[in-house]
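Taken in order, these protein sequences are the chains called A and B.
Quick note on numbering: the first sequence equals residues 7 to 488 in the numbering used here.
Quick note on numbering: the second sequence equals residues 3 to 502 in the numbering used here.
The C-beta atom is built at its ideal place from N, Cα and C for all residues, glycine as well.
Everything on this sheet refers to the single structure shown next.
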Amino acid sequence: VGTFREFERASTTEVDAALSPLLAGYLHRLAERCDEAGVPEPTIMQSNGGLIDLESAAGHAAWTVLSGPAGGAAGAAYVARAAGISDALCFDMGGTSCDVCVVQDGAVQEQSAGTIADRPLALPMVAVHTVGAGGGSIAWRDPGGALRVGPRSAGADPGPACYGRGGTEPTVTDANLLLGYLSSDAPLAGGVELDVEASERAITGLAEDLDLEPLACAEGIIRVANAEMVRALRVVTVQRGIDPRGYALLAFGGAGGLHAAQIAGELGITEIICPRASGVLAALGLVVSPRRRDVQRSVFLGGDDLHRDAIAEVVAELGEQARTELNAPDEGPEAELGATFELRYRGQAFELAVQGSLEPEPEQLREAFERLHEERYGYYDSDQELELVTVRVSATVAGAEVSLGEDSEQAGDELERASRAATLDGEQIELEVLRGSAPAGTEISGPAVVELPESTLLVTPGWSGEVDQNGTIKIRSDGGDH
Amino acid sequence: MDPVELQVLTGALHAICEEMGAVLIRSAHSANIKERRDASTALFSAEGEMVMQAEHIPVHLGAMPAAVASVLGKEQAPERSWILNDPYRGGTHLPDITVITPIFSPEDASGGRDRRLIAFAASRAHHADVGGPTPGSMPADSTTLEDEGVVIEPRVLDDAAISELSEQMRRPDQRRADLRAQLAAGRVGALRLSALEQRVGPEALQEAFTEVLDYAERRTRACLSKLEDGERTAQDVLEAREGDLRIALRAEVHGDRLTLDFTGTDDQHEGNLNCPLAVTRSACYFAIRVLTDPDIPANAGAYRPVVVIAPEGSLLNARSPAAVVGGNVETSSRVADVVLAAFGRALGQGTMNNLTLGDDDVVYYETIGGGQGACEDAAGPSGVHVAMSNTLNTPIEALELEFPMRMIEYSLRRDSGGAGEYRGGDGVVREIEALAPLHYSLITERRRHAPPGAHGGGDGAPGRNLLDGSELEPKAIGELEPGQRLRIETPGGGGYGKAR
């Protein structure tokens, strides 16, 4: 692991030792099947948002624990950049939970270490925050008479009542269906057909317990679920010193688009982007991500020991190790190196990570550190001794560039327009329905729903926009209170 | 108020408290606040009832209302905040400083002449030092409040007050930053709550306060009524320098109400194990959260069905100016213990094992984990903080880099947990060798008396403090020469049920 603090290091090693045999068995079977099918050996997404060869991943499962969310975050950042947006809150809502991350200046924010399932991991990873609210989250009445949503989830099996697989408890998806935001004649991804009567039965049971009309109860379920997610987003942004109003909300995952407009409204966000590949953004992330290997070492350089040559020597050693361990294919360009420096004022119990050149002057590190220190903690102190605690070097080989918009021309043939009744803020309204892949330039104005192949975007009154050349939907709020 | 509105507004109030906490932790300088998160934030109604609290530190639970009560009668104005730490005027122990900010309705278009007081925002944070003779302001041998640091009676907190108070404490720059962080937390609370009022309207906000309090009360009553009616008793001791001190409890459940009566507890003493009533209440409220449902919002409504009685002048309702620093960290643990014991729970280590080492230049303070008691369906975890403490350990590698000491051993203390169908958690061993002359101070408990098991489960092993192999008292101060070793063995938790 290479970094100081014995508990975190031991915990990381323990996780790695426990999971690697399981992961190795799985990956080796996967590699065999790929070989039989004539497909190249897969590369594996790591928690840091970079890919690594299968054999390295099989030996170091701790590198991969956030593989899924990291892929989603990488895909989200790619789509945001393609849409010309550099700062976004990414909001990936699936069946059981909702993952939130921040894209700043076009890059997914990372952290040097994290805690997964109560176990500290001293490895760099994308900064993803998870809330237990998803489409399958179950709504219930608590002993004090309040309407609650989650953390229990019906998952995919039995799933929400409307899946018709034996679920009888009302879920967020059931509420979306009963309110008309989802439709029983538009199957979900995977061909799941929705049974609106089953949703109504489930929600009516809860509504009676709460002394509410069923539709009011359904709207209540949505409001309570949204409030949970807004709370998480607020804390995530405040902790990082970010004002969400300057960010776009990038909604993805099967259920993200259904909740985006109301969540954006609560946070004062005025722009939403919803990618066409909303349900499979993680897969896009895998294609576009670089190969990457991080190596790190705690060095504790301070005072006179912190000088350019000493830093450059450590970086060079780590760089060579990182390139060797990246196991990049022989053809193609040599891996690029990037250095991260974890610094603190002497005596502090925590470090801040700054990017730097491969041979930085100590003054440059101090300047970058103090800028970040002021941003995070509201002050800096030029008189205090600076200590370089850990050096981390990444070797990367860039991923593929893909065009997101190639087939949006013929996609227009599939676009159907229709309308259906829905309930919003207690009123019956007509929603315009756009089904299929909308071509570039298609205008959308709320109230409307866009039924994308893998997800649904609900455009509430006051929001409007259009589809860009990549098939990404961008909508803006007119700022009014609707 | 309908069940949806209730839940949405409860969530909104909780979010405001959490945001206040995030701002406080982000902008404070003390490692205590930043790293160990020894801080709490809360919202109160204009009448001083605690409506919502962000959950950080158990011992702050019941003590914030007393702080707000102490400024209720004073003249409130927008942009004015209050500060206090006096344990006999709403505080807990001196390092915990409370800042209270009144919240007024938003200015109207006419310039805001009729701004109404709608609520209070409060924050409490454990400052690394509040002056007094001992660095860190956690002395093992104090006998009056004056020995423990600067006593702040409720007063207006402005720039002049910040300067004046900081100058009386160590690291005044850090104190100023921490106090400004508390002011910033109050401002964010005020901003968010007045925005919420503007959005939902003044009547709805006041109704939300009432409803959230009633809701917590209903949920507590529902849980209490599931407990069997009747009287239970429990008693336990504190290991003071002059001998054992008795804590006695009679707990009575009657329908959906609970009375906790500590009559029979020993009088306040010459040392620092005394508690102001607010600390006693906090410890009781913590135990009640364990016995009911931690999902219930922590507010004044949740504790309406509970009566806490502690005779004035006793250890648990001490009179000024008795010393209190050990009361907050150790006696509070024992109060929670006796309440849990009365309801048949196996107990955890019941001490924070407070260790301070230092010389003229460095001060190292930490609390050390131990065994948790077993539950009726699970073993107790080992090597964790129990009950009223909730902080991280200092990594050995960080300790040895910063201080003239070497860690000889840091390990689980095997078989120190009580036997039982479910075993109590094990304590830990932490043995430190001095590399330079150092002063040490230990405030520990459960050295003479073991943490009891329940329902046939065995007791946890009592803790031990050793200096080069010879046993020290539970409260000890002295000097270490280079090469001398201090070994702390923390208590194991009690077991649950007969071992099979």
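Contact set for B:Ala79: own chain, Cβ-Cβ below 7 Å, skip 5 residues either direction: Taking the second sequence and counting its residues from 1, the one referred to as residue 79 of chain B is at position 77. Cβ within range, chain order: n/a, list empty.
For A:Glu415, which residues of its own chain have a beta-carbon under 7 Å away from its beta-carbon, when the five flanking residues on both sides are left out? Residue numbering aside, residue 415 of chain A sits at position 409 when the first sequence is read from its first letter. With a pLDDT of 48 at A:Glu415, under the threshold of 50, the predicted position of this residue should be treated as unreliable, though the coordinate-derived value follows. Around A:Glu415: Pro445.
Are B:Gly372 and B:Gly496 touching if we call contact CB-CB under 7 Å? On the second sequence, position 370 is the one that residue 372 of chain B refers to. On the second sequence, position 494 is the one that residue 496 of chain B refers to. No, the pair does not count as a contact, with Cβ atoms beyond the cut-off.
Where the alpha helix (DSSP H) containing B:Val309 begins and where it ends: Here residue 309 of chain B refers to the residue found at position 307 of the second sequence. Unbroken run through B:Val309 is the beta strand (DSSP E), 308–311; no alpha helix (DSSP H).
Cα separation between B:Thr503 and A:Val114? What the structure shows of chain B is the stretch from 3 to 502, and residue 503 of chain B is not part of that stretch, so it cannot be assessed.
Identify the contact partners of A:Gly151 in chain B, using a Cβ-Cβ distance below 8 Å as the criterion. Within the first sequence, residue 151 of chain A is the residue found at index 145, counting from 1. Near A:Gly151 (Cβ distances below 8 Å), the residues of chain B are Pro5, Leu8, Tyr217, Arg220.
Is there at least one Cβ from chain B nearer than 7 Å to A:Glu12's Cβ? The residue given as residue 12 of chain A occupies position 6 in the first sequence. With 7 Å as the cut-off, A:Glu12 counts as an interface residue toward chain B.
At the 7 Å Cβ level, is A:Gly138 part of the contact set with chain B, yes or no? Here residue 138 of chain A refers to the residue found at position 132 when the first sequence is read from its first residue. Taking Cβ atoms only, chain B never reaches closer than 7 Å to A:Gly138, which makes this a no.
Can you pull the chain B residues whose beta carbon is under 8 Å from the beta carbon of A:Glu234, in chain order? Numbered from its first residue, the first sequence carries residue 234 of chain A at position 228. When 8 Å is used as the limit between beta carbons, A:Glu234 is near these residues of chain B: Gly13, in chain order.
By the DSSP assignment, the alpha helix (DSSP H) with B:His16 in it spans what residues? One-based indexing of the second sequence puts residue 16 of chain B at position 14. Start and end: 5–29.
Using DSSP with H/G/I as helix, E/B as strand and the rest coil, what is A:Leu221? Along the first sequence, one-based indexing puts residue 221 of chain A at 215. Annotated three-state conformation of A:Leu221 is helix, per DSSP.
Identify the contact partners of A:Gly226 in chain B, using a Cβ-Cβ distance below 9 Å as the criterion. Start at 1 with the first residue of the first sequence, and residue 226 of chain A comes out as number 220. Per Cβ cutoff of 9 Å: Asp4, Pro5, Val6, Glu7, Gln9, Val10.
Could you give the C-beta distance for B:Tyr424 and B:Tyr498, rounded to a whole number, given that I count them as a contact under 8 Å? Within the second sequence, the letter at position 422 stands for residue 424 of chain B. Within the second sequence, the letter at position 496 stands for residue 498 of chain B. Yes, B:Tyr424 and B:Tyr498 are in contact; Cβ-Cβ is about 5 Å, under 8 Å.
Going by beta carbon distance, what residues of the same chain come within less than 6 Å of A:Glu14, once the five residues before and after it are set aside? Taking the first residue of the first sequence as position 1, residue 14 of chain A is located at position 8. Result list for A:Glu14: Pro126, Ala128, in chain order.
By how many angstroms is the C-alpha of B:Leu437 removed from the C-alpha of B:Arg487? Against the second sequence, residue 487 of chain B aligns to sequence position 485. Against the second sequence, residue 437 of chain B aligns to sequence position 435. Roughly 10 Å separates the two Cα atoms.
For A:Ala417, I'd like the list of residues in its chain whose CB is within less than 6 Å of its CB, leaving aside the five on either flank, ordered along the chain. Here residue 417 of chain A refers to the residue found at position 411 of the first sequence. Only weak support exists for where A:Ala417 lies, its pLDDT of 49 falling under 50; the value from the coordinates is given anyway. Taken in chain order, the residues that qualify are Ser443, Pro445.
Below 8 Å, can you find three or more Cβ-Cβ pairs linking the segment 274–286 of chain A to the segment 354–361 of chain A? Too few Cβ pairs lie closer than 8 Å, so no.
Which term fits A:Thr19, buried or exposed, when burial requires 16 or more other beta carbons within 10 angstroms of its beta carbon? Taking the first sequence and counting its residues from 1, the one referred to as residue 19 of chain A is at position 13. Counting Cβ neighbours within 10 Å, A:Thr19 comes out exposed, since fewer than 16 surround it.
Pull the bridge partners of B:Met409 from the DSSP assignment, please. The sequence position of residue 409 of chain B within the second sequence is 407, counting from 1. DSSP lists B:Ile434 as the beta-bridge partner residues of B:Met409.
Limits of the beta strand (DSSP E) - the one that A:Thr346 falls within: In the first sequence, the residue the question calls residue 346 of chain A occupies position 340. 342–351 is the extent of the beta strand (DSSP E) around A:Thr346.
List the endpoints of the continuous alpha helix (DSSP H) containing B:Arg220. The residue labelled residue 220 of chain B in the question sits at position 218 within the second sequence. It spans 204–226 - the alpha helix (DSSP H) in which B:Arg220 sits, taken as one unbroken run.
C-beta atoms of A:Gly140 and A:Cys104 nearer than 7 Å: Position 134 of the first sequence, counting from 1, holds the residue named residue 140 of chain A. Position 98 of the first sequence, counting from 1, holds the residue named residue 104 of chain A. With respect to the 7 Å criterion, A:Gly140 and A:Cys104 are classified as neighbours on the basis of their beta carbons.
Does the beta carbon of B:Glu435 sit closer than 7 Å to a beta carbon anywhere in chain A? Residue numbering aside, residue 435 of chain B sits at position 433 when the second sequence is read from its first letter. No, because no Cβ of chain A sits closer than 7 Å to the Cβ of B:Glu435.
Please state the DSSP three-state secondary structure of A:Gln416. Position 410 of the first sequence, counted from the first residue, corresponds to residue 416 of chain A. For A:Gln416, the pLDDT reaches just 48, beneath the cut-off of 50, and the residue's location in the model is therefore unreliable, although a value from the coordinates is still provided. Residue state, collapsed to three classes: helix.
Within 10 angstroms of its Cβ, does B:Cys19 collect 16 or more other Cβ (buried), or is it exposed? Counting from 1 along the second sequence, the entry for residue 19 of chain B is found at position 17. The residue in question, B:Cys19, is buried, as its Cβ has 16 or more Cβ neighbours within 10 Å.
If we ignore side chains and look at the alpha-carbon of each, how far apart do B:Leu349 and B:Cys277 end up? By one-based count along the second sequence, residue 349 of chain B stands at place 347. By one-based count along the second sequence, residue 277 of chain B stands at place 275. Roughly 21 Å separates the two Cα atoms.
Compute the Euclidean distance between the alpha carbons of A:Glu175 and A:Gly161, then round it to the nearest angstrom. In the first sequence, the residue the question calls residue 175 of chain A occupies position 169. In the first sequence, the residue the question calls residue 161 of chain A occupies position 155. Rounded to whole angstroms, the separation of the alpha carbons of A:Gly161 and A:Glu175 is 12 Å.
Residues of chain B with CB under 7 Å from A:Gln316, in chain order? Position 310 of the first sequence holds residue 316 of chain A. Note that residue 316 of chain A corresponds to Ala in the displayed sequence, not to Gln. Simply none; closest approach about 18 Å.
Cβ neighbour criterion (16 or more within 10 Å) applied to A:Glu116: Within the first sequence, residue 116 of chain A is the residue found at index 110, counting from 1. Its Cβ being crowded by 16 or more others within 10 Å, A:Glu116 is buried.
Determine which residues share a DSSP beta bridge with A:Val439 and list them. For the purposes of this step, residue 439 of chain A is taken as the residue at position 433 of the first sequence. In the DSSP assignment, the residues bridged to A:Val439 are A:Ala424, A:Val455.
Flag B:Pro397 as yes if its beta-carbon sits less than 7 Å from any beta-carbon of chain A, otherwise no. Stepping through the second sequence from its first residue, residue 397 of chain B is reached at position 395. B:Pro397 has a beta carbon lying within less than 7 Å of a beta carbon in chain A.
By DSSP, does A:Arg482 sit in helix, in strand, or in coil? In the first sequence, the residue the question calls residue 482 of chain A occupies position 476. If DSSP states are grouped into helix, strand and coil, A:Arg482 belongs with the strands.
Residues of the segment 145–174 of chain A whose Cβ lies closer than 9 Å to any Cβ of chain B, in chain order: From the segment 145–174 of chain A, only Arg147, Asp148, Pro149, Gly150, Gly151, Ala152, Leu153, Arg154, Val155 have a Cβ closer than 9 Å to chain B.
In the DSSP assignment, find the unbroken beta strand (DSSP E) run with A:Met99 in it and report its ends. Here the question's residue 99 of chain A lines up with position 93 in the first sequence. That run of the beta strand (DSSP E) goes 94–99.
Beta-carbon proximity list for B:Ala324, same chain, < 6 Å, skipping 5 on both sides: Position 322 of the second sequence holds residue 324 of chain B. Shown here for B:Ala324: same chain residues with a beta carbon closer than 6 Å to its own, the five before and five after excluded, namely Gln270, Asn276 in chain order.
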